[in-house]
Amino acid sequence: MKTDACNAICREEPSDQSFSSPTMWDVEDDDEECWNKLENYRVKLVSVIDPTRITPYLRQCRIISRDDEEQVFNDPNLVIRKRKVGVLMDILYRTGKKGYVAFLESLELYYPLLYKKITGNEPTRVFSMIIDTAGESGLTQLLMNEIMKLQQIIEEEKNRSRELKMWLSAKEDTIKQLQMKDGELRMHQERVHKMKEEQDNFNEELKKLKDENYDLAMRFAKQSEEKNILLMRNRDLLLEIEQLKQNLMRAEDDCKVERKHTLKLKHAIELRPSQDAIYEMQRENDLLKAQVQELENALEFAKEGKAEKNKLYIQTLENDRRQALEEYQDLVNNVYVLRKELRQAEDLQDKYMEEKEVFELQCQTLKRDSKMYKERIEVTLQQMEEISVERDQAIKTREQFHLQYSKSLVEKDAYRKQLRELGERYDELQIQLFRTQGQLQATETKLKRLESPNQEDRSSNEEQVNKERGRLKKSFEEHYRKFGKRALRLKNGNQQEVDCDNTTESDTDET
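Per the working numbering: the sequence shown = residues 662 to 1172.
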């Protein structure tokens, strides 16, 4: 990573400040000029160089001492790496030309790209300083130490990569378990969502049924009120009809009475003498009066002429006349009394006849009323019998529909319970499938992690795993197929049940 950072920094550095010639290796350059050339790259060097990498080479070249190394690494004030590199460069600056050359050789060894960017030369890795100072054995020892460090670093990196692989596999297992749990949670969420939707649908159906029930109750109340109003009007009309019938009967009776009176008057008129008879009787009466007048005149003349002669005879006649008149008067009185009694008897007879006729009319009226009431009672009893028969039949059909409806509700509840159990079983099987898939994946990852030298065992294990997976897949597919058939049967049964419920509700409404 540090090499990549060095490469990036070297790419960003302008090329006009690099050394275009190997004059830095000339002995004539003094210490200050050499280090002044590096001052232009101090910031880049401090940001890129790791002091733990170049200090062993500088120690091998005997440029820095143990105290200097302890000052760089163990000073509590030097916590940041850049400050450590700055202090190390200050220490090398005090060593002069030798430190400058050793620093460039360390850059050539550990940071070749940065070395090329600064000097403009390809790294040759001559290591003249360490050879001059410690000889080839020192260089060999340094290289061996570096190789051992690199091997140790490689081993650590391998261990770290192995640990990272194990950590990644564990994380993958955790991710798979989390995916399984996520799948289970999604299944539960879907189940809860379905249950909420079913609850909402049931609530909506309940609201609709309540509204329909309320509407039906209102309609029933209105119809009952209209029925009561119609019954009252029918009763009023029946009463009016009865009153009209009674008035008609009374009018008929009055008409009959009047007709009888008219017949009597007609008969009396017919019995009355005619006008000619009356004229004849008046004429006879006038003749009789004239005769009586003549007789009276004659008597007067006779009285005047024969007053004395006929005095006795006249007295006798007068006595006879008086006696006859008295007898006649008695007879007239008797006739008058008899006529009066006859008239009274006739009046009583007429009165009794009228009362008889009235009583006969009342009797006929009562007979007609009794006959009419009897017919009405018979019609009412017949209607009551028909209504009772219809009521018994309606009660019987209602009980049958209620029984059928209760059976359908029980079957519907049983189907719903069975469907709910099958849904829960389906969810459990899906969860079990997710778990088995997770276990299979975990087993596959474990088998991949286990490095077995025997390839046949691996192939046999893979075959067993594939067989187990195929067996589980077949069993789950068979179970899903059975579950789908059962759900289809339940769906058809619920549809038939809904049709039966609709017909039952319509029949109950009609009843």
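Virtual Cβ for every residue (Gly too), placed ideally from N, Cα, C. In this text, all values refer to a predicted model and were calculated from it rather than measured experimentally.
query	result
Just to check my reading of the structure: residue 921 and residue 1018 have Cβ atoms closer than 8 Å, yes? What is that Cβ distance to the nearest angstrom?	6 Å
Which residues bound the alpha helix (DSSP H) around residue 754?	742-756
What residue does the alpha helix (DSSP H) around residue 731 start on, and which one ends it?	727-735
I'd like the list of long-range same chain contacts for residue 699, defined as Cβ closer than 6 Å, with 5 residues on each side in sequence excluded.	none
Tell me whether the beta-carbon of residue 761 lies closer than 8 Å to the beta-carbon of residue 768.	no
Taking C-alpha atoms, which residue in 903, 853, 1066 and 830 lies nearest to residue 1030?	903
What does a CB cutoff of less than 7 Å around residue 845 pick up in its chain, not counting 5 residues either side in sequence?	1092 and 1095
Is residue 1071 buried or exposed, if buried means 16 or more other CB atoms sit within 10 Å of its CB?	exposed
State buried or exposed for residue 724, treating a residue as buried only when at least 16 other CB atoms are found within 10 Å of its CB.	buried
Can you give me the C-alpha to C-alpha distance between residue 949 and residue 955, rounded to a whole angstrom?	10 Å
If you follow the alpha helix (DSSP H) that residue 1231 is part of, which residue opens it and which one closes it?	Given that the chain is displayed from residue 662 to residue 1172, the structure contains no residue 1231 and the question cannot be resolved.
Check whether the segment 995-1015 and the segment 896-916 touch, using three or more Cβ-Cβ pairs below 8 Å as the test.	no
Out of curiosity, what's the CA-to-CA distance linking residue 719 and residue 841?	58 Å
Around the Cβ of residue 1041, are there at least 16 other Cβ atoms within 10 angstroms (buried) or fewer (exposed)?	exposed
Would you identify the three-state DSSP class for residue 724, choosing helix, strand or coil?	coil
Hey, residue 746 and residue 707 are a contact pair by Cβ (cut 8 Å); roughly how many whole angstroms apart?	5 Å
Measuring only the C-alpha atoms, how far is residue 983 from residue 919?	51 Å
The alpha helix (DSSP H) spanning residue 784 covers which residue range?	Neither: residue 784 is in no alpha helix (DSSP H) and is coded neither H nor E.
If you run the structure through DSSP and keep just helix, strand and coil, what is residue 874?	helix
If contact is defined by three or more beta carbon pairs under 8 Å, each pair taking one atom from either stretch, is the segment 1097-1110 in contact with the segment 829-838?	yes
Would the C-beta of residue 742 count as close to the ligand PLP, meaning under 7 Å from any of its heavy atoms?	The ligand PLP is absent from the structure shown, which contains no ligand whatsoever.
Do you know offhand how far residue 854's Cα is from residue 1082's?	17 Å
Please report the distance separating the alpha-carbon of residue 810 from that of residue 717.	11 Å
How about residue 847 and residue 1088: are their beta carbons less than 8 Å apart?	no
Roughly how far, in whole angstroms, is the beta-carbon of residue 779 from the beta-carbon of residue 702, given that I think they are within contact range, below 8 Å?	6 Å
For the alpha helix (DSSP H) containing residue 706, name the first residue and the last one.	703-709
Measure from the alpha carbon of residue 849 to the alpha carbon of each residue in 1110, 998 and 1086, then state which is nearest.	1086
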